[in-house]
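Colleague:
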Amino acid sequence: MKKLIAVVLLSLMALAMPMLASADCFDCGRIKSIEAYSGHRSGTGGAIAGAVVGGVIGNQIGGGDGKKLATVAGAVGGAYAGKQ
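Heads up: the sequence shown begins at 765 in this note's numbering, then just goes up one per residue.
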(Lines of atoms letter the chains of each structure in order from A; the text may use other names.)
(Lines give C-alpha, C1' and ligand atoms only; values in the text may rest on other atoms or scores of the structure.)
Protein backbone atom coordinates (compact mmCIF):
# COMPACT_ATOMS: atom_id res chain seq x y z
CA MET A 765 0.00 0.00 0.00
CA LYS A 766 2.86 2.39 0.81
CA LYS A 767 4.38 1.77 -2.63
CA LEU A 768 1.07 2.62 -4.31
CA ILE A 769 0.78 5.87 -2.35
CA ALA A 770 4.38 6.75 -3.21
CA VAL A 771 3.78 6.08 -6.92
CA VAL A 772 0.58 8.16 -6.91
CA LEU A 773 2.30 11.06 -5.13
CA LEU A 774 5.26 10.97 -7.51
CA SER A 775 2.89 10.89 -10.49
CA LEU A 776 0.98 13.90 -9.19
CA MET A 777 4.22 15.77 -8.60
CA ALA A 778 5.38 14.97 -12.12
CA LEU A 779 2.09 16.28 -13.53
CA ALA A 780 2.35 19.47 -11.47
CA MET A 781 5.89 20.32 -12.63
CA PRO A 782 4.88 21.94 -15.96
CA MET A 783 2.32 24.11 -14.17
CA LEU A 784 4.94 25.28 -11.68
CA ALA A 785 7.42 26.03 -14.43
CA SER A 786 4.94 28.19 -16.33
CA ALA A 787 4.07 30.19 -13.22
CA ASP A 788 7.51 31.86 -13.33
CA CYS A 789 6.70 33.53 -16.62
CA PHE A 790 3.25 35.06 -16.31
CA ASP A 791 3.66 37.51 -19.20
CA CYS A 792 5.78 35.49 -21.64
CA GLY A 793 4.70 36.04 -25.21
CA ARG A 794 2.57 39.06 -24.42
CA ILE A 795 2.76 41.88 -27.00
CA LYS A 796 3.67 45.10 -25.24
CA SER A 797 4.04 47.49 -28.19
CA ILE A 798 3.82 47.65 -31.97
CA GLU A 799 5.97 49.96 -34.06
CA ALA A 800 5.71 50.62 -37.78
CA TYR A 801 8.86 49.90 -39.77
CA SER A 802 9.38 52.15 -42.77
CA GLY A 803 12.93 51.22 -43.71
CA HIS A 804 13.98 49.83 -47.06
CA ARG A 805 14.01 46.09 -47.49
CA SER A 806 17.28 44.60 -48.60
CA GLY A 807 15.76 41.72 -50.57
CA THR A 808 16.98 40.97 -54.07
CA GLY A 809 13.78 39.38 -55.39
CA GLY A 810 12.67 42.56 -57.15
CA ALA A 811 16.05 43.03 -58.79
CA ILE A 812 16.13 39.44 -60.04
CA ALA A 813 12.57 39.62 -61.37
CA GLY A 814 13.32 42.97 -63.01
CA ALA A 815 16.46 41.59 -64.65
CA VAL A 816 14.57 38.62 -66.06
CA VAL A 817 11.70 40.73 -67.40
CA GLY A 818 14.08 43.38 -68.74
CA GLY A 819 16.21 40.73 -70.42
CA VAL A 820 13.19 39.14 -72.08
CA ILE A 821 11.91 42.49 -73.32
CA GLY A 822 15.39 43.52 -74.47
CA ASN A 823 15.74 40.23 -76.35
CA GLN A 824 12.64 41.09 -78.39
CA ILE A 825 14.34 44.26 -79.66
CA GLY A 826 17.11 44.41 -82.23
CA GLY A 827 18.88 41.73 -84.23
CA GLY A 828 22.37 40.19 -84.29
CA ASP A 829 24.82 41.94 -81.97
CA GLY A 830 22.22 44.63 -81.30
CA LYS A 831 19.93 41.96 -79.88
CA LYS A 832 22.62 40.87 -77.40
CA LEU A 833 23.27 44.46 -76.38
CA ALA A 834 19.53 45.14 -75.98
CA THR A 835 19.17 41.98 -73.84
CA VAL A 836 22.01 43.02 -71.54
CA ALA A 837 20.77 46.61 -71.33
CA GLY A 838 17.23 45.40 -70.60
CA ALA A 839 18.47 43.08 -67.88
CA VAL A 840 20.56 45.80 -66.22
CA GLY A 841 17.76 48.35 -66.49
CA GLY A 842 15.20 45.87 -65.20
CA ALA A 843 17.41 44.94 -62.24
CA TYR A 844 17.84 48.61 -61.36
CA ALA A 845 14.12 49.29 -61.67
CA GLY A 846 13.26 46.18 -59.64
CA LYS A 847 15.63 47.19 -56.85
CA GLN A 848 13.95 50.59 -56.43
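Think of the CB as a built atom: it goes at the ideal place given N, C-alpha and C, for glycine as much as any other residue.
1. Spatial neighbours of residue 815 within its chain, please: C-beta separation below 6 angstroms, excluding the five flanking residues on both sides.
2. Do residue 834 and residue 846 have their C-beta atoms closer together than 9 angstroms?
3. Using the rule of at least 16 other Cβ atoms within 10 Å of the residue's Cβ for burial, across every protein chain shown, is residue 818 buried or exposed?
4. From residue 771 to residue 798, what does the alpha carbon distance come to, in whole angstroms?
Modeller: In short:
1. 839, 842, 843
2. no
3. buried
4. 49 angstroms
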